[in-house]
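> Quick note: the sequence shown uses our numbering, first residue 3, plus one each step.
Ideal Cβ positions, reconstructed from N, Cα and C, are used throughout, including at glycine.
A single structure is presented below for examination.
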Amino acid sequence: MRDEKRVSVCRVCRAPLAPAGRGRPPVYCSRGCQARAYRRRKDPPPPAPEAPPPAVPSGRRRQIAEAVWRVAAERGLHAASMREIAAEAGVSLRVVQYHFDSKHDLLVAALRMLHEESARQADARVRALRRPSDPRAVLRAVLDEFLPLDEWRRVALRVHAAYYARSLTDPALAEVFLHDAQPLEDLVASLLARLPAGSAGPPPVDPRREADLLVSGVVGLAIDVLHGRRSVADVRRTIDYHLERIFAAGPAGAAEAG
C-alpha cells in the first residue's frame, strides 16, 4: 500500500502549499505571507503577560488581623512578631508579608479593623434599643460598650490595653493610637448635651468635661473587671450613681435656656 505524502501548509496563513517541482520546498503560499513573516522576525510581538498569582481569599487580611488580636490579648503586643502572627493565623510568613509591608503596617491595620468591628457591633446593639431616640437610654448603652460584657468586648478591651502599653514606647504606633480626635468622648458629650434641663439644685454640668470623665472612668473600671478587682454589677452601680447626678443637674446649655 502506497504511503500518502503529507500536505505542506503556509507558515503564516496555514493555507495548503502546491507541491514543489524542483529545489527546496516552499514554506509560504505567497509573497505577502513571506513579507509578514519577515516583519514578525524583525519586530516580534511583545511577550504575553505572565499569569497573575492565584487569588487570595478576600478574608485573608482579616484572618491575619484576628491572629494579632489573639496574640495581643493573650500574650501582649510584645509577643506579636510577624512569625508568631503567621503561626497563630495558620499561614506562612510569606503570606503575611504579601498582605502587609511591615510589622508596623500590620499592627496599624489590625487596630483599625478592631475599631471597625467594635463600631459595627456597638451600632447594631444601640439600634436594637427599645427607645433609640431617648438620649439617656443611648448613653447607658454607649457606656456599656466599654465593659467586658461578652467575649468580643473582653478581647477588644485586652487588645486596646496591649496597644496602649506598646504606644508608650513606640512613637510610630503612638501617632496612630493617640491621635487628636476623640470620637467616643464627642459622642458621649453630644448625648449629654441633649438631656433635658435638670430640676434639682446642683449646678448644671459641662457636657465635654463630664464626657471626658465618664469615658476615662468607665475604661479604667472595665480594666478592673478584667483583673477581677471589681464585678460588672459593681461598675454599673458606680456608673448609675454618676449618671443620676448628671441627669439631675442637666447640661449647662439646657439650664440656661430654661
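Using the Cα positions of Leu170 and Ala164, report the straight-line distance between them to the nearest angstrom.
10 Å
> Relative to the alpha-carbon of Phe102, which residue among Val221, Arg63, Pro150 and Val190 has its alpha-carbon at the smallest distance?
Arg63
> Anyone know if the C-beta pair for Val144 and Val157 falls short of 8 Å?
Cβ atoms of Val144 and Val157: not closer than 8 Å.
> Distance, Cα to Cα, Val221 vs Arg160?
11 Å
> Could you pull the DSSP bridge partners for Pro173 from this structure?
For Pro173, DSSP records no beta bridge to any residue.
> Enumerate in chain order the residues of its own chain whose CB-to-CB distance from Pro56 is below 8 Å, with the five nearest sequence positions on each side excluded.
Residue placement at Pro56 is poorly supported in this model, since its pLDDT is 43, which falls under 50; the coordinates are not used for a value here.
> What whole-angstrom Cβ distance do Leu194 and Pro209 have, given they're in contact under 8 Å?
4 Å
> From the DSSP secondary-structure annotation, give me the bridge partner or partners of Pro18.
Val11
> Rounded to the nearest angstrom, how far is the Cβ of Leu141 from that of Val190, given a contact under 8 Å?
That pair is a contact at about 7 Å.
> Suppose the cutoff is 6 Å on Cβ atoms and the five residues either side in sequence are ignored; what does the same chain contact list for Ile225 look like?
Short of 6 Å from the beta carbon of Ile225, and not among the five residues preceding or following it, lies no beta carbon of its own chain.
> Short of 7 Å in beta carbon distance, which residues of its chain neighbour Met115, apart from the five on each side in sequence? Order them along the chain.
Arg64 and Ala67
> By a C-beta neighbour count over all protein chains shown, 10 Å radius and 16 as the cutoff for buried, is Val11 buried or exposed?
Classification for Val11: exposed.
> Within the continuous alpha helix (DSSP H) that includes Leu223, where are the two ends?
Pro209 to His229
> In three-state DSSP terms, what is Asp242?
helix
> Report the three-state DSSP secondary structure of Phe102 (helix, strand or coil).
coil
> Got a sec? Which residues, its chain only, sit under 8 Å from Val93 by beta carbon, not counting five neighbours each side?
Excluding residues within five positions, the ones whose Cβ falls inside 8 Å are Arg62, Gln65 and Ile66.
> Suppose contacts are defined by Cβ-Cβ distances below 8 Å. Is Val70 in contact with Ala81 by that definition?
no
> When the Cα atoms are used, what is the spatial distance from Arg13 to Arg33?
12 Å
> Can you give me the start and stop residues for the alpha helix (DSSP H) that Val144 sits inside?
Pro137 to Asp146
> Between the C-alpha atoms of Ala121 and Ile248, what's the straight-line distance to the nearest angstrom?
Straight-line measurement puts the Cα of Ile248 at about 26 Å from the Cα of Ala121.
> With hydrogens ignored, establish whether the beta-carbon of Tyr166 is closer than 7 Å to any heavy atom of the ligand SAH.
For the structure depicted, the ligand SAH is absent and the ligand set is empty, with no information on it obtainable.
> If Ile87 sits next to Leu108, beta carbons under 8 Å apart, how far is it from one beta carbon to the other, in whole angstroms?
Contact holds; Cβ gap of about 7 Å.
> Could you tell me if Glu147 is buried or exposed, where buried requires 16 or more neighbouring beta carbons within 10 angstroms of its beta carbon?
buried
> Leu223 and Arg232 look like a contact to me (Cβ under 8 Å); what is the Cβ gap, rounded to whole Å?
6 Å
> Taking the alpha carbon of Glu76 as the reference point, which residue from Pro27, Arg138, Ile241 and Leu228 has its own alpha carbon closest?
Among Pro27, Arg138, Ile241 and Leu228, the Cα nearest to that of Glu76 is on Leu228.
> Which two residues bound the contiguous alpha helix (DSSP H) that contains Ser192?
In this chain, the alpha helix (DSSP H) harbouring Ser192 covers Pro185 to Ala195.
> Would Leu149 pass as a contact of Val234 if the rule is Cβ separation under 8 Å?
yes
> What would DSSP say about Ala251, mapped onto helix, strand or coil?
helix
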